[in-house]
Each structure stands twice: as structure tokens, then as C-alpha cells.
Amino acid sequence: MFVIGHRGARALEPENTLRALRRGMECAPYVEVDVRVSRDRHLIVIHDAAVDRTTNGTGAVGSLTLAELRSLDAGAGEQIPTLAEALDLVSRRGGGLVVEIKEPGSTVAVCAMLARVRPEPLIVASFHPEVFQPIIELLGDVATGLIYSRALADPVQAARAANASAIFPRFTRVTPGLVEAAHDAGLSVVPWTLNTDAEFARAMDL
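Counting from 1, one number per residue, gives the positions in the sequence shown under our numbering.
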């Protein structure tokens, strides 16, 4: 069973900050971060395509330089971290990491950084199936997860075609039949996002 601190520990700390990652590692064996690219091509940890919801700034992430992004308050006085900072923290503290690639164009750069600093265990996940073959070519034996929220005709086949080793469905998409089919195909099933005892109990029954 995978228990993952979503965006660190976003219910307790400002999401996708180093503070959230520290708290998340106290609560779960894995933490998850989202990766985007700044205007000057730095890899940064943030979920949304714009900074408005999670910081005191405004504008698209890709329109701002790293220095401009770092000048923002991401909550509780925290800065938006770089992927390098997140990898360093998780590697030093120990524990698993899920890296979600939000922008397919960043795949090679993300893999190059993971090749230098690779927390274990590691899962690289994305909504974009085209990223998985380059990930495997660049990182070798690494777990990969196809994320989806809308209904797919055949999620298991989609994951296999993309060379993903797991499916990450929205929790409401999970059925006993899907779990059985995925496991029969050798795929792990990692539903998102479970936040209540009732949701955990239902997931355990699938």
C-alpha cells in the first residue's frame, strides 16, 4: 500500500514547500511534489500554472524568473523551492518521493537532475503519457505512474502502451474490476487523493 503526502503535507503546511515536505516525511513513507519550469528554465516545485493561489504574487509560472518566483511568499514565510532543493531534502532525510512532471517539455531536464540526486524509492508520474519512454531511457529501472482524472476507455492498456508501471486514478474512478485488471497486468494502483478515514476504508475494500 502506498501512503503519500500530497504536495508534502498540504493540509498542515503551505503546499509544495520545504516546510510541507519536512512535515510530510514525518507523516508518510512518501511525499509528492509537482515540477514546473520558470521563464529562465529553472525547475521549480509548484502545482498550478500560475502563482496566484499559493503565493502572494500573480502571473504565470513560466513568465517569471527564478529570482522573481523566489521573492514570493508561498505561505508562512516559505519560498517556492527548486527541484534541486526538494531532492536534497528528501535524500538527506530519507523516504520515498513521487515527482509529478506537469510540463512534458521539462522531462529531459527533470531526469537529468534525478540522475544526479535520486531519492529511493522514486516514482515519476504524469498526466502526459508521452513522458514515460524518455524517462525509462534516461533513468532506467524507475517506477512510473500514469495519472488521470477523466474516464479512460481502458486505463490499463493506456498505462501499458505508455510504458508506465502504475496507474494513478482519481479515487472516484477506482473500482474492484479496475484494481483486478491492473494487478493482473502487473501495474500498481495509486488512487488520489484520500483525505478522510472513510475514503481510506473504502480504498482498502477495493
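We put the CB at the ideal spot given by N, CA and C, even for glycine.
Being a predicted model, the structure only gives us computed values, none of them experimental.
Asked, Found
"Environment of residue 98 [buried if 16+ CB atoms lie within 10 Å]", "buried"
"As assigned by DSSP and simplified to three states, the class of residue 103", "coil"
"Residue 226, enclosing beta strand (DSSP E) - first and last residue", "Nothing in the structure corresponds to residue 226, since the chain is present only between 1 and 206."
"N-terminal and C-terminal residue of the alpha helix (DSSP H) that residue 205 is part of", "197-205"
"Bridge-paired residues (DSSP) for residue 123", "98 and 143"
"Residue 67 versus 185, 23, 95 and 82, residue with shortest Cα-Cα distance", "82"
"Pairwise C-alpha distance: residue 130 and residue 162", "7 Å"
"Residue 207: first and last residue of the uninterrupted alpha helix (DSSP H) it sits in", "Past the boundaries of the shown model lies residue 207; the chain is included only from 1 to 206, so the question cannot be answered."
"Anticipated Cβ contact below 8 Å, residue 123 with residue 140, distance rounded", "With a Cβ gap of about 14 Å, residue 123 and residue 140 do not count as contacting."
"Residue 135 versus residue 111 - alpha carbon distance", "6 Å"
"Coil, strand or helix - residue 136 by DSSP", "helix"
"Nearest-angstrom beta carbon gap, residue 50 and residue 59 [assumed within contact, 8 Å]", "6 Å"
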